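What follows is a single structure, written as structure tokens, with notes after it.
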Amino acid sequence: MANLYVKAVPPADLNRNTEWFMYPGVWTTYILILFFSWLLVLSIFGCSPGMAWTFVNLAHFCITYHFFHWKKGTPFAEDQGIYNRLTWWEQIDNGQQLTRNRKFLTVVPVVLYLIASHTTDYQHPMLFFNTLAVIVLVVAKFPNMHKVRIFGINADK
Amino acid sequence: MIAIPYLAALTTYFSYGLLFAFGQIRDFFRKILDWSGSNNLQGYAPICVAHEDFYVRRLYLRIQDCFGRPITSAPDAWFDVVERYSNDNNKTLKRTTNISRCLNLGSYNYLGFAAADEYCTPRVIESLRKYSPSTCSSRVDAGTTALHNELEKCVADFVGKPAAIVFGMGYVTNSAILPVLIGKGGLIISDSLNHNSIVNGARGSGATIRVFQHNTPSHLEEVLREQLAEGQPRTHRPWKKIMVIVEGIYSMEGDLCKLPEIIAICKKYKAYIYLDEAHSIGAVGKTGKGVCELLGVDTADVDIMMGTFTKSFGSCGGYIAGSKELIQYLKYTCPAHLYATSISPPAAEQIKSSIKVILGEDGSNRGPQKLAQIRENSNFFRSELQKMGFEVIGDDDSPVVPIMLYNPAKIPAFSRECLKQNVAVVMVAFPATPLLLARVRVCISASHTKEDLVKALKVFDQVGDLVGIKYFPAEPDKEQEEDKIVKLD
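As given, the protein sequences belong to chains A and B, one line each in that order. For the first sequence, the UniProt record's numbering assigns the number 1 to the initial residue and increments by one for each residue that follows. For the second sequence, the UniProt record's numbering assigns the number 1 to the initial residue and increments by one for each residue that follows.
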């Protein structure tokens, strides 16, 4: 394990806020963080595995919705604000739709939903909240929703 | 092509995620605590939009003591670093009067002209007396002295082009020239790791910008073909002008540009080429004439050659060298020539004298000695580090030696441990480099003696073991192998 190396080719993306996502190891880190947070929730709350997956799914919904689809711009000032109107999701891969990264990020909430609803045996009220989370996240990632602000929510002044 | 250990990549992402999460939580609580306080903006817009200062406040300020250390002597091979302390966890730093004498591995002092030189300094002082420190005027008004004309001729001859124009600042040379050379309707194709001055100049020009993968001529050809076929955005008319911008030595990677292949592609598709030799002029090549000499490229093939005097010549300022018509055009249009103050006369004299030393025209052979010394030093340092097991990137012969760190916690650890042992190094982190690839950037100088380099290697060995950055297996010592062979008998 210690001698496993990956080759990294610097991608041709000038936006430092999203360029880090094109390097090897990101997908694995994402999945490992979800798995370890499930273990953490199980250890802290001592609930059933199904409830823990539901908790992880809903926390994942809140965090990814806030950082991918709500916050706009970049956390540093060197790019002089050219991305200030775009959310992180709209910035990745330079605005190109249906790339590998985008497909992966769309599949993750669906897989989480399947795991959470399976382990809770499709019972209410967990099923309702899980379904709501996956619908909102997947719809937000549609190519047609690029730069769309429904009812002016989160639009610029 | 950088080989990252997979575990290091995973832990680096996780570390940045943790730092990001902590920063967000602290910001959240700060917002709650400040909710009750009065909002005294009185109708003015806030200075920072949204969270564009998040990185500076929550990540950079934590390790602020590793950057921007003040020095109180000339940046020679050894220099004096002012010690600082902080009472509020690095949010503000206060200087003390204590000074530590450290080995300088961070200054761009490639040929050793940064400190007093026996040929250059008397002449600089003489020109300071004759011309005063500033011309107090722009070039077109009253700021052109005989020194400036001589300097431009000197630089043009040194670089190997018919004419040259000189500016007072290196960053400004790129950001003020590019808008003049190309405008709306033009296409700029720049290497993905180009310096910020080129990015700013390109953005200011109004031309369409496309980026090709770092030092990959095949991707450059792909991008060129795609753009030539598409034409200008929306109208699809043919491009007015296409310019490819590359650098001689990339300051964060230490690798040389693949100039012959790139020039071949540009000639094939009739694009102009702009070569930024900030780090390579004076430091590489048999007689110090830069990356064209090193790679055997004819200077007539490169349309515009740009460089700075800060690195190898121990001065300040930048130049553009090209054909006579180009330089004449620039003298009429470039705002840095028309409105900015001209280069300071002592600085110009320093450049002229250092060029004379490099070419050997001062009557001694210190120039060729310095060039041989820097090449020897860089190759020795690089090979020794690789033998110890560090991951060093960059090409041979290049005086920039970056050592990969990856994890964000190793950045301040390495810097502080080295400073404790009196070695001053420069760290480079996000956003100057990609998120994963934080590194230590060592700049070798001709004024480093063998003892200095050996001391630096010893310190790096110890600190590298402590911090854990020897990602590659170390090569065993030859002496140990011989002992083992003897014992088997």
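Cβ atoms here follow ideal geometry from the backbone N, Cα and C, with glycine treated the same way. This one's a predicted model, so the numbers in the text were calculated from it and none came from an experiment.
Identify the contact partners of residue i in chain A, using a Cβ-Cβ distance below 8 Å as the criterion.
i, result
"Leu435/B", "Arg16, Glu19, Trp20 and Tyr23"
"Gln213/B", "Val9, Pro10, Pro11 and Ala12"
"Val56/B", "Phe76 and Ala77"
"Ser192/B", "Pro10, Pro11, Ala12, Asp13 and Leu14"
"Pro431/B", "Arg16, Phe76 and Glu78"
What does the alpha-carbon distance come out to for the pair residue i and residue j?
i, j, result
"Cys47/A", "Ala116/A", "13 Å"
"Thr235/B", "Gly185/B", "10 Å"
"Met1/A", "Phe129/A", "A caution first: Met1/A carries a pLDDT of 47, below 50, which makes its placement in the model too unreliable to give a value."
"Tyr329/B", "Phe309/B", "22 Å"
"Ile188/B", "Gly389/B", "40 Å"
"Met243/B", "Ser127/B", "39 Å"
"Phe67/B", "Asn89/B", "15 Å"
"Asp489/B", "Glu475/B", "In this prediction, Asp489/B has a pLDDT of 49, which is less than 50 and means its spatial position is unreliable; nothing more can be read from the coordinates."
"Ala278/B", "Trp70/A", "41 Å"
"Val180/B", "Asn174/B", "10 Å"
"Tyr16/B", "Leu405/B", "14 Å"
"Ala142/B", "Gly168/B", "15 Å"
"Thr299/B", "Pro11/A", "30 Å"
"Arg203/B", "Asn15/A", "13 Å"
"Ala146/B", "Glu293/B", "29 Å"
"Leu137/A", "Asn87/B", "45 Å"
"Met1/B", "Val454/B", "28 Å"
"Ser315/B", "Val155/B", "14 Å"
If you measure between the beta carbons of residue i and residue j, is that distance less than 8 Å?
i, j, result
"Leu112/A", "Asn57/A", "yes"
"Val61/B", "Ala456/B", "In the sequence as presented, Val is not what sits at residue 61/B; that position holds Leu. Not in contact: Leu61/B and Ala456/B (Cβ atoms no closer than 8 Å)."
"Thr120/A", "Met51/A", "yes"
"Asn194/B", "Glu247/B", "yes"
"Pro422/B", "Asp396/B", "First, the amino acid is wrong: residue 422/B is Asn here, not Pro. No, these two residues do not count as a Cβ contact at 8 Å."
"Leu326/B", "Ile343/B", "no"
"Leu436/B", "Thr12/B", "yes"
"Leu210/B", "Val223/B", "As written in the sequence, residue 210/B is Arg, which differs from the Leu given in the question. For Arg210/B and Val223/B, yes; Cβs fall inside 8 Å."
"Trp89/A", "Phe68/A", "yes"
"Tyr55/B", "Pro412/B", "no"
"Ala444/B", "Ile393/B", "Looking at the sequence shown, residue 444/B is not Ala but Ile. No, Cβ-Cβ distance for Ile444/B and Ile393/B is not below 8 Å."
"Asn144/A", "Tyr83/A", "no"
"Tyr131/B", "Tyr5/A", "no"
"Arg84/B", "Thr97/B", "no"
With distances taken from CA atoms, which of the options is nearest residue i?
i, options, result
"Leu256/B", "Ser353/B, Val284/B and Ser445/B", "Val284/B"
"Val425/B", "Leu93/B, Ala413/B, Arg441/B and Ala340/B", "Arg441/B"
"Lys141/A", "Arg102/A, Phe128/A, Phe129/A and Thr18/A", "Arg102/A"
"Leu34/A", "Phe55/A, Tyr65/A, Thr74/A and Arg16/A", "Phe55/A"
"Leu40/A", "Thr28/A, Thr29/A and Trp53/A", "Trp53/A"
"Leu19/B", "Arg57/B, Arg30/B and Ile249/B", "Arg57/B"
"Ala438/B", "Leu466/B, Asp117/B and Ala409/B", "Ala409/B"
"Ile4/B", "Pro11/A, Met126/A and Tyr23/A", "Tyr23/A"
"Asn109/B", "Lys161/B, Ala446/B, Tyr471/B and Lys458/B", "Ala446/B"
"Ala163/B", "Ile262/B, Tyr319/B, Cys443/B and Asp53/B", "Tyr319/B"
"Arg149/A", "Leu86/A, Ala59/A, Val110/A and Phe45/A", "Leu86/A"
"Ala347/B", "Phe79/B, Gly170/B and Ala9/B", "Gly170/B"
"Tyr250/B", "Lys91/B, Ile281/B and Gly231/B", "Ile281/B"
"Lys450/B", "Val302/B, Ala116/B, Glu384/B and Ala340/B", "Glu384/B"
"Ser192/B", "Asn200/B, Asn215/B, Ile273/B and Thr144/B", "Asn215/B"
"Cys418/B", "Gln462/B, Asn407/B, Ile403/B and Asn377/B", "Gln462/B"
"Trp78/B", "Gly112/B, Val291/B and Asp34/B", "Gly112/B"
"Gly290/B", "Ala271/B, Phe313/B and Tyr272/B", "Phe313/B"
"Pro345/B", "Ser205/B, Ala115/B, Phe28/B and Arg129/B", "Arg129/B"
"Asp79/A", "Asp53/B, Arg101/B, Lys470/B and Gln227/B", "Asp53/B"
"Gly206/B", "His51/B, Ser218/B and Ile182/B", "Ile182/B"
Which chain B residues are close to residue i, counting only those with a beta carbon under 9 Å from its beta carbon?
i, result
"Leu32/A", "Leu10 and Phe14"
Which chain A residues sit within Cβ distance under 7 Å of residue i?
i, result
"Val49/B", "Gly73, Gly81 and Asn84"
"Met1/B", "Lys7 and Val9"
Could you tell me which chain B residues have their CB closer than 7 Å to the CB of residue i, listed as they occur along the chain?
i, result
"Thr28/A", "Leu10"
I want to verify the contact list: residues of chain C whose CB lies under 9 Å from the CB of residue i, in sequence order.
i, result
"Asp53/B", "Among the protein chains of the structure shown, namely A and B, there is no chain C."
Would you mind telling me which residues of chain A sit closer than 9 Å to residue i, beta carbon to beta carbon, in chain order?
i, result
"Ile4/B", "Tyr5, Val6, Lys7, Ala8, Tyr23, Pro24 and Gly25"
"Gly17/B", "Thr29 and Ile33"
Confirm the yes/no value for this check: CB of residue i, any heavy atom of the ligand SAH, distance under 7 Å.
i, result
"Trp88/A", "In the structure on display, the ligand SAH does not appear, and there are no ligands present to speak of."
Is there contact between the stretch 331-343 of chain B and the stretch 356-370 of chain B, where contact requires at least three CB pairs shorter than 8 Å?
Contact fails between the stretch 331-343 of chain B and the stretch 356-370 of chain B, because fewer than three Cβ pairs, one in each stretch, are under 8 Å apart.
Say whether the stretch 258-278 of chain B touches the stretch 355-366 of chain B, bearing in mind that this needs 3 or more beta-carbon pairs closer than 8 Å, one atom from each stretch.
Segments in contact, no.
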